[in-house]
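**Q**
Numbering (this note's numbering), first residue to last: 1 to 228.
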């Protein structure tokens with residue numbers, strides 16, 4: 001069953017990464033108690049500014065990403081994620097119904113904290129990049145609103161047909177099960193259906209999100225002001 005769970009995680013990683021990318025627009029950051037003037041990295045559609053601090057804040061909220069002398073590839077990944085996020089946020093702002101509820105913000109904050117070895121570990125990373133608790137709450141609130149938009153825009157309309165499930169069961173599920181668990185009885189189609197439906201749903205959401213972002217990027221004016 002481990003390969004099934006891993007598949008679900010991989011298929012949903014694209015959406016989860018985009019949701020996790022949301023940051024506010026700061027004016028300065030603090031590292032090792034030094035105040036540094038913020039650096040403009042990119043603009044989106046002429047009014048959404050992405051700064052170096054945005055990139056640092058994104059990296060700080062990723063438990064396994066180093067903060068000392070950030071790697072170019074990490075900064076570039078954060079920049080790409082933030083551009084995608086800003087494009088989604090522009091669309092999300094057109095739907096008042098996606099406003100985050102306080103209880104959802106609290107839950108999302110707790111979920112974020114659980115990704116770190118300890119709450120103190122998260123607090124230390126926040127302090128190193130000048131991210132206050134108040135700013136973190138606002139970031140989480142905006143993340144929830146983006147997630148609400150993704151749910152409304154993509155997840156709510158995903159349909160997985162019985163034929164798609166049976167085809168996946170025959171062509172993918174059964175061969176992988178036999179390879180991963182030789183000698184064990186293969187679950188029936190009925191038993192495997194909930195797992196397969198979840199896998200196919202996440203796959204369609206990933207595909208729809210990628211298509212949406214590709215179109216949004218093609219229509220957007222993205223200006224890189226400073227290479228990472």
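All C-beta atoms, glycine included, are put in the ideal place defined by N, C-alpha and C.
Within the same chain, show all residues whose beta-carbon is closer than 7 Å to that of residue 223, passing over the 5 residues directly before and after it, in chain order.
**A** Result list for residue 223: 42, 43, in chain order.
**Q** Please name the residue, chosen from 139, 114, 62, that lies closest to residue 100 on a Cα-to-Cα basis.
**A** Of 139, 114, 62, the residue nearest in Cα terms is 139.
**Q** Straight-line CA distance for residue 60 to residue 85?
**A** Approximately 17 Å between the Cα atoms of the pair.
**Q** For residue 61, which three-state DSSP category applies?
**A** Residue 61: coil per DSSP, three-state reduction.
**Q** So for residue 236, helix, strand or coil by DSSP?
**A** Outside the shown range of the chain (1 to 228) lies residue 236, about which nothing can therefore be said.
**Q** Classify residue 106 as helix, strand or coil using the three-state DSSP reduction.
**A** Here residue 106 sits in helix by DSSP.
**Q** Within the chosen definition, does the segment 152-160 reach the segment 125-134 through at least 3 CB pairs nearer than 8 Å?
**A** These segments do not touch.
**Q** Report back the beta-carbon spacing between residue 74 and residue 53 to the nearest angstrom; my notes put them in contact at under 8 Å.
**A** With 8 Å as the limit, residue 74 and residue 53 do not qualify as a contact, their Cβ atoms being about 15 Å apart.
**Q** Should residue 148 and residue 205 be called a contact, given that it needs their Cβ atoms to be closer than 8 Å?
**A** The answer is no: Cβ separation not under 8 Å.
**Q** Can you give me the Cβ contacts of residue 124 inside the same chain, cut-off strictly under 8 Å, excluding the 5 residues immediately before and after it?
**A** None.
**Q** Roughly how many angstroms lie between the CA atoms of residue 219 and residue 71, to the nearest whole one?
**A** Spanning the two alpha carbons is a distance of roughly 30 Å.
**Q** What does the Cβ neighbour count give for residue 185, buried or exposed, with the cut at 16 atoms within 10 Å?
**A** Burial call: exposed.
**Q** Taking its Cβ as the centre, do 16 or more other Cβ atoms sit within 10 Å of residue 188, making it buried, or is it exposed?
**A** Exposed, because fewer than 16 other Cβ atoms sit within 10 Å of the Cβ of residue 188.
**Q** Could you pull out every residue in the same chain whose Cβ sits closer than 7 Å to the Cβ of residue 63, ignoring the five residues on either side in sequence?
**A** 115, 116.
**Q** Would you kindly report the start and end of the unbroken alpha helix (DSSP H) that includes residue 228?
**A** Looking at the DSSP string, residue 228 is not in any alpha helix (DSSP H), and its letter there is neither H nor E.
**Q** In three-state DSSP terms, what is residue 229?
**A** Since the displayed the chain opens at 1 and closes at 228, residue 229 lies outside it and no answer follows.
**Q** Could you pull the start and end residues of the beta strand (DSSP E) that residue 197 belongs to?
**A** Per DSSP, residue 197 belongs to no beta strand (DSSP E); it is in the alpha helix (DSSP H), 189-219.
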